[in-house]
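In what follows, a single structure is set out as structure tokens and then discussed.
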């Protein structure tokens, strides 16, 4: 199985999907799903292989190389599997809208470009695929009308800044090493001076930090996540944003190498230590901002930023446990955030695009599958034991505590407790509480939406109860990057300083739940009554009922709101608007009248003559 | 193996008895402080049995399952704590797992209450969540000081080290953290002046308002477990655990009675006042404790 074929299928599939859409919508849908499924199968077949081959040798005199190893395989499988589920979810979500052919082909191109990124064996093809990904993402973010365009602009501007930084790094590497093949560069760079390596790390960190929304480079994310169509928000939040994490792994541990990266700088001012602190800040502030949100997707978007901080924290710490935690958290986060956006998407689909948490409510009986998805999703997000999020967070906490960084661990832990508040509000205001009159007739989500939700819910439990399955692969990645091997069992990690055994927790919780349920059944029977039955303790119930959760955390808001303004975003906006003012005044100069231009030329000449007469510089 | 299974079965039962006894004791002490006789010590047991036979209303499946989940979560949390030398499951992930398993119970109650959609419940849950964010800040700092000081995340290790040296509460850097923990203990237990989320006079017991019959019985049992877990955690972390259950029980009793007596004389806080208090002195102390611990370690 060659990698070229895989990319041809990915990109060709996108093109053919677009063309077929002109003929028949049904065939196009079918093809989109088939292409995505085929990619999953093709990539799964690559398991454990290590290939590196040149597929084109004439680009600016540089060979373009594709390669696969454990790291890229892991990311590729996650990308293609989640991509498939998102395409399936799109089937009914996007039906009946305008430009659906364009939507599907862009979605497939975004997925294909991500595969291209992880399979790139040299930095030029990495950059090309990176740009394809950024631009297709931009087009999809701006798919919806009005505010979406602004969100897309914000995204693409920040993305271009990142790409420019990366291009500086790539050309500098080329000047230094004379090659851009990743394995050759990594062999050559070891002899470079620490100052140069620091420069390379910083420029690449800007690029990947923007993509992964590390504070203070995060500001594109909330708008883009909120405004993109929900199935694409799922792709965006799941793996696309996490290409930043792949980039960090690539630059920190593949190109520069763990030994060099972890010894850059001195004392508390090591490069990776500063990166870890950025990660910690990225956890805490967005998590608290998320509490203040009333828009379901925006709330999740802030968590998307916050959870990215955990990954950075794990990876930057550079122990085998932390690295495993960081990579595993990337996968876990992708699973539950995709699930949560799908759950929101299903609700949006059935309620006419409503995502304001204060006007939804009580949908649990109408949309049970979406509720289960939402429940397991938030359980994973919080990291309740037996969901996947717990295991990766446990690995990260343990590293931080045992390596003597309790303050970083505190940032990570308090992030979890902040998460609880906002995600409970998220779940409660959508599915629990009172059902508004206008949603009395809401239907269940269609099957094409339920299927991905069920699959992902099961994945959360599977990886939570048997974390050994993905951890085996992650351990192989760690050892291939030169880290110590971990002692992985199917249900956790064994070590002297603390063992994790999920199967114990699982059986204990199962038995306890069965016992509690029996105790519950033993009691006298209960009568099922409607919510309004003793709502007002027998008094008259107003027809338009109170929504007591509208200002759920008001007492807390009053205390913490002054501290939680997004100062960075304001700052960027100020820069943006001053650039705009400047451009406006520059524009006035170009009046479009020939007379003005003649005047400019004459006055410039007069200025030159004046200078010559006065100072005689020439 | 058989002994271990016996422990796993007996331990939650024992914990329940202790917890229910504490419930009765708290009422008795409060009554005596207020110059009343108060109900007999076994009143909570009588109530639970009576409630199981009474009729109740349900508001849907999540309303039922939430209660079951929260009780199950409490039972599991109990199994992860060492009680004297008995520690059935504590070798499966240490303090971090305990910390997270303690989340299941309140989450279950919140989900259950959420489906009932009573305004009082919403207010109660919102207060409970804010309060828990309030006390988790110092609590997490305290737990991190413990884990950093003893260089382990296993609670059994923490107990063992204390038994071979001295209790954390009287050892140098940790007594600061211990003091902070003791200051937030009433908030964790939800007793005066931190009974904000269940304030009977204001919001009709908040999250409990829709529960009757067996629902109320099960939440009472769950509440008893919560009392047990919070105090047992304190005893294990700061008072050196114990060699046998009897001594452990005595230590728990002292801690509980102390915190009830001290706090019974305060009127109830408003939620902002509570959070302000929790984020001021206890957090400062906990922070100081962690810094000193770090300084000594390095």
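Protein chains in written order, with my numbering: chain A, 1 to 618; chain B, 619 to 916.
From the three backbone atoms N, C-alpha and C, an ideal C-beta is built for every residue, glycine too.
Bear in mind the structure is a predicted one, so any value in this text is a computation, not a measurement.
A Cβ-Cβ contact shorter than 8 Å links residue 70/A with residue 473/A. Residue 914/B sits in a helix when the DSSP states are folded into three classes.
Taking a 10 Å sphere around the C-beta of residue 58/A, we find fewer than 16 other C-beta atoms and assign the residue as exposed. Neighbours of residue 748/B across chain A, judged by C-beta separation under 7 Å: 553, 555, 556.
Listed along chain A is no residue with a C-beta nearer than 7 Å to that of residue 841/B; the closest approach is about 14 Å.
In the assembly as shown, residue 406/A is a buried residue. Its beta-carbon has 16 or more other beta-carbons within 10 Å.
By the Cβ neighbour-count rule, residue 879/B is exposed, with fewer than 16 other Cβ atoms within 10 Å of its own.
For residue 287/A, there is no enclosing beta strand (DSSP E); the residue is part of the alpha helix (DSSP H) that begins and ends at 271-291.
Per the coordinates, the alpha-carbon of residue 491/A lies some 39 Å from the alpha-carbon of residue 136/A.
For the stretch 804-831 of chain B, residues whose beta-carbon sits nearer than 9 Å to a beta-carbon of chain A comprise 822, 827, 828, 830, 831.
Residue-level contact by beta carbon fails for residue 667/B and chain A, as no gap is shorter than 8 Å. In the DSSP assignment, the residues bridged to residue 675/B are 527/A. Assignment of residue 483/A by DSSP, reduced to helix, strand and coil, places it in the coil class. In chain order, 36, 111, 235 place their CB closer than 7 Å to the CB of residue 83/A, counting only its own chain and leaving out the 5 sequence neighbours on each side. When the five nearest sequence neighbours on each side are left out, the beta carbons in the same chain lying within less than 8 Å of the beta carbon of residue 858/B are those of 777, 780, 781, 784, 785, 786, in order along the chain.
Contact annotation: in the stretch 900-915 of chain B, residues whose CB is within less than 7 Å of a CB in chain A are 908, 912, 915. Taking C-beta separations shorter than 7 Å and ignoring five residues to either side along the sequence, the partners of residue 756/B in its chain run 798, 802, 896, 900, 901, 904, following chain order. Taking C-beta separations shorter than 6 Å and ignoring five residues to either side along the sequence, the partners of residue 217/A in its chain run 209, 210, following chain order. Restricted to the stretch 45-73 of chain A, the beta strand (DSSP E) segments that are unbroken, complete and at least 3 residues in length are 51-59, 62-68, listed in chain order. Short of 8 Å from the beta carbon of residue 887/B, and not among the five residues preceding or following it, lie these beta carbons of its own chain, in chain order: 811, 812, 814, 895. Under the Cβ criterion of 8 Å, residue 673/B is counted among the residues facing chain A. Judged by DSSP secondary structure, residue 887/B falls outside any alpha helix (DSSP H); it is assigned neither H nor E. Distance from the CA atom of residue 873/B to the CA atom of residue 262/A, rounded to whole angstroms, is 46 Å.
Shown here, residue 223/A sits in a helix according to DSSP, grouped into three states. Here the alpha carbons of residue 683/B and residue 726/B stand approximately 8 Å from one another. For residue 707/B against residue 504/A, the beta-carbon gap comes to about 6 Å, under 8 Å, which counts as contact. For the set 103/A, 283/A, 567/A, the Cα lying nearest the Cα of residue 141/A is the one of 103/A. Here DSSP, grouped into helix, strand and coil, assigns residue 500/A to strand. Note on geometry: alpha-carbon atoms of residue 862/B and residue 242/A lie some 51 Å from one another. Neighbourhood of residue 661/B in chain A, by CB distance below 9 Å: empty, with the nearest CB roughly 19 Å away. Out of 233/A, 101/A, 414/A, the CA that lies nearest to the CA of residue 29/A is found in 101/A.
With at least 16 other beta carbons inside 10 angstroms of its own, residue 826/B counts as buried. Within chain B, 718, 721, 722, 725 have C-beta atoms less than 8 Å from the C-beta of residue 384/A, given in sequence order. Counting only runs of at least 4 residues, the stretch 680-723 of chain B fully encloses no alpha helix (DSSP H) element at all. Residue 578/A has its alpha-carbon roughly 30 Å from the corresponding atom of residue 287/A. Residue 713/B and residue 500/A have their C-alpha atoms spaced approximately 11 Å apart.
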